[in-house]
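Asker: For the sequence shown, counting from 1, position 149 maps to 149 in our numbering; every step adds exactly one.
Glycine is no exception: its CB is placed at the ideal position from the N, C-alpha and C atoms.
If you scroll down you'll find the structure; I have some questions about it.
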Amino acid sequence: MEVPFSESCVFSTTTQGRTETNQVTVAVIDTGISPERLENPIMLPGINLSGEGDIDDTTDSGKHGTEVARTILSIAPHTRLVPIRLMDRYGCLHEREKVDEAFEWILENRESLGINIVCATFADFSHSTSDAEYRGSRLQQRIATLRELNVLTVAPAGNWYREFRKKLPQGMAWPAIIREVISVGEVEEREDGMRLTERTQRLHSSLGTGCQTTVFSTSGELGNTSGAAAIVVGKIAALLELITLMEVNLALATLLKSQQCLYYINQFFLP
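What follows is the structure in structure tokens.
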């Protein structure tokens, strides 16, 4: 029997014309951002936690963070960017504790910088069905606090499905598995319609763990679930530019129920 996703959806990458009314600020946790590679970005001060260079050197050490920013700006071009350089040029995270520091910095600077969304475009090599081991952790508490303050954290579900599917057909990487995170999987257009990519990790709510993949999106030129996450961040930012007197959580609910959101079926999750 084919059953629609519960609270999960798929985004297209097209947007309609709009008139921005609000400033939206996105903190991008990645390899940094090189503004000279972008077209007139609005940059705000960030921080370098990568261990390479000065603490205020948020220049992209590779290219991933800049491409994430480019994807966001292709959808919401007036978005203000706060670069948080966490990974090295190869996209490697040397100290996991630095993620805690990044979110602590965001909490401390959220109000002064006007941060609305955290784009955490990284994932570890794990495949979990539950966030039980992370409940009560400093990272979970900080992400939950941000959510209470109407700041969404968006992260990719992970790209390791082929490596894990025989052992466990469902699961997501960290930090996307943390239930307060907006987790993003990847879909692609095929001859028979929109389908999950072979690499995207995914988790269905029917397992009853309290965790699930929140949304699925195409990934654009960047590719992988990080590209899909960047597109979702751009979509949310574009929506927030249009609304007034509406909390971010309500904005997300509106987006998930919009015509841009297509519901798909459990067959995606069959091993």
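Any idea if K166 is buried or exposed, counting beta-carbon neighbours within 10 angstroms, 16 or more meaning buried?
Answerer: Residue burial annotation: K166 is exposed, with fewer than 16 other C-beta atoms found within 10 angstroms of its C-beta.
Asker: Using 8 Å as the threshold, is the C-beta distance between A176 and A155 below it?
Answerer: yes
Asker: Can you tell me whether DSSP reads N224 as helix, strand or coil?
Answerer: In this structure, N224 counts as helix in the three-state DSSP scheme.
Asker: Start and end of the alpha helix (DSSP H) containing E111?
Answerer: E97 to L113
Asker: Could you pull out every residue in the same chain whose Cβ sits closer than 6 Å to the Cβ of N224, ignoring the five residues on either side in sequence?
Answerer: N159
Asker: According to DSSP, which residues form a beta bridge with C92?
Answerer: The bridge partners DSSP lists for C92 come to none.
Asker: If we count Cβ pairs, one from each stretch, closer than 8 Å, do we get three or more for the stretch 58-78 versus the stretch 96-107?
Answerer: Verdict: no, contact absent.
Asker: Exposed or buried, I75, counting other C-beta atoms within 10 Å across all chains shown (16 or more means buried)?
Answerer: Classification of I75: buried, given that the 10 Å Cβ count is 16 or more.
Asker: Looking only at its chain, what residues have a beta carbon closer than 8 Å to the beta carbon of F164, apart from the 5 residues adjacent to it on each side?
Answerer: H127, G171 and Q201
Asker: Would you decide whether F125 is buried or exposed? Buried here means 16 or more other CB atoms lie within 10 Å of its CB.
Answerer: It counts as exposed.
Asker: Mapping the DSSP letters down to three states, classify V28 as helix, strand or coil.
Answerer: strand
Asker: Could you tell me which of S219, E180, G185 and L86 sits nearest to L148, measuring between CA atoms?
Answerer: The question names Leu, yet the displayed sequence has Glu at residue 148. With distances taken between Cα atoms, E148 lies closest to E180.
Asker: Using only the alpha-carbon positions, how far apart do E36 and G46 sit?
Answerer: Looking at the two C-alpha atoms, the distance is approximately 16 Å.
Asker: Is it right to say L168 is buried, meaning 16 or more other beta carbons lie within 10 angstroms of its own, or is it exposed?
Answerer: exposed
Asker: So T213 packs on L203, CB below 8 Å; how close in whole Å?
Answerer: About 5 Å separates the CB atoms of T213 and L203; that is less than 8 Å, so the two are in contact.
Asker: Output the boundary residues of the beta strand (DSSP E) element that contains L152.
Answerer: L152 -> beta strand (DSSP E) spans L152 to P156.
Asker: Reducing DSSP to helix, strand and coil, say where N233 ends up.
Answerer: Here the sequence assigns Val to residue 233, which means Asn is not the residue at that position. Three-state result, V233: helix.
Asker: Considering Cα atoms alone, identify which of C119, I84, H78 and V215 is closest to D60.
Answerer: I84
Asker: Hey, quick one: how far does the beta strand (DSSP E) through I182 stretch, first residue to last?
Answerer: I182 to R190
Asker: Please classify S50 as buried or exposed, where buried requires at least 16 neighbouring CB atoms within 10 angstroms.
Answerer: buried
Asker: Once you ignore the five residues that flank Y134 on each side, which residues in its own chain have a CB closer than 6 Å to its CB?
Answerer: Q140 and I178
Asker: What is the DSSP secondary structure of P83, counted as helix, strand or coil?
Answerer: strand
Asker: Roughly how many angstroms lie between the CA atoms of R142 and A228, to the nearest whole one?
Answerer: 24 Å
Asker: Looking at I33: is its Cβ nearer than 8 Å to the Cβ of T66?
Answerer: yes
Asker: Should I182 and V151 be called a contact, given that it needs their Cβ atoms to be closer than 8 Å?
Answerer: no
Asker: In angstroms with no decimal places, state the Cα-to-Cα distance between C119 and V232.
Answerer: 9 Å
Asker: Output the boundary residues of the alpha helix (DSSP H) element that contains R138.
Answerer: R138 to E148
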